[in-house]
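K.L.:
Numbering (our numbering), first residue to last: 32 to 151. Glycine included, C-beta positions come from ideal geometry on N, C-alpha and C.
(1) For residue 124, which residues in the same chain have their Cβ closer than 6 Å to its Cβ, ignoring the five residues on either side in sequence?
(2) For residue 169, does the three-state DSSP call read helix, strand or coil?
(3) Report the three-state DSSP secondary structure of residue 121 (helix, strand or coil).
(4) Let me know the secondary structure DSSP gives residue 87 once reduced to three states.
(5) For the segment 43-58 against the segment 119-134, do three or more pairs of beta-carbon atoms, one drawn from each stretch, fall closer than 8 Å, so that the two count as touching?
(6) Contact defined as beta carbons within less than 8 Å: I believe residue 51 pairs with residue 138. What is the distance between those atoms, to the nearest angstrom?
(7) Have a look at 129, 81, 72 and 149 and flag the residue whose alpha-carbon is nearest the alpha-carbon of residue 108.
(8) Give the straight-line distance between the Cα atoms of residue 134 and residue 61, rounded to the nearest whole angstrom.
(9) Please specify which runs of the alpha helix (DSSP H), each continuous and at least 4 residues long, are wholly inside the segment 40-93, giving them in chain order.
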């Protein structure tokens, strides 16, 4: 297994996390322990789970961590929607975050299938 830093899916997850930190920087102060924290946590969880999966010993464990990362990407997609509706982020920011989260979900699914096919 490659280093997680060499995986395109991890690189995109890292870029998305940095984007989420930038997008949430100006959220209302009362959201610091609410939506700001949730969005940052779910974004960081994507890359962290990819990295942790790469550090495991088996393809089965890797797939499990990719599944968790995929769930975190879906969670982030919802949080972006939730941030858009009260106008914490602009429509274009929402679209960018949502598109990136969706793209990551597809990439993670493809990588899971690759590991599962190699196992079969």
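P.N.:
Reading it off the structure:
(1) Taking the first residue of the chain shown as position 1, residue 124 is located at position 93. Excluding residues up to 5 positions away in sequence, 54 lie with their Cβ nearer than 6 Å to the Cβ of residue 124 in the same chain.
(2) What the structure shows of the chain is the stretch from 32 to 151, and residue 169 is not part of that stretch, so it cannot be assessed.
(3) Taking the first residue of the chain shown as 1, we reach residue 121 at position 90. In this structure, residue 121 counts as coil in the three-state DSSP scheme.
(4) To locate residue 87, count along the chain shown from 1; it is residue 56. If DSSP states are grouped into helix, strand and coil, residue 87 belongs with coil.
(5) The segment 43-58 makes contact with the segment 119-134: 3 or more CB pairs, one atom from each, lie closer than 8 Å.
(6) Translated into the one-based positions of the chain shown, residue 51 becomes position 20. Translated into the one-based positions of the chain shown, residue 138 becomes position 107. Contact check for residue 51 and residue 138: beta-carbon distance about 17 Å, past the 8 Å limit, so the pair fails to qualify.
(7) Counting from 1 along the chain shown, the entry for residue 108 is found at position 77. Of the listed residues, the one whose Cα sits closest to residue 108 is 129.
(8) The residue given as residue 134 occupies position 103 in the chain shown. The residue given as residue 61 occupies position 30 in the chain shown. Rounded to the nearest whole angstrom, the CA to CA distance from residue 134 to residue 61 is 31 Å.
(9) Here the runs fully enclosed are 66-85.
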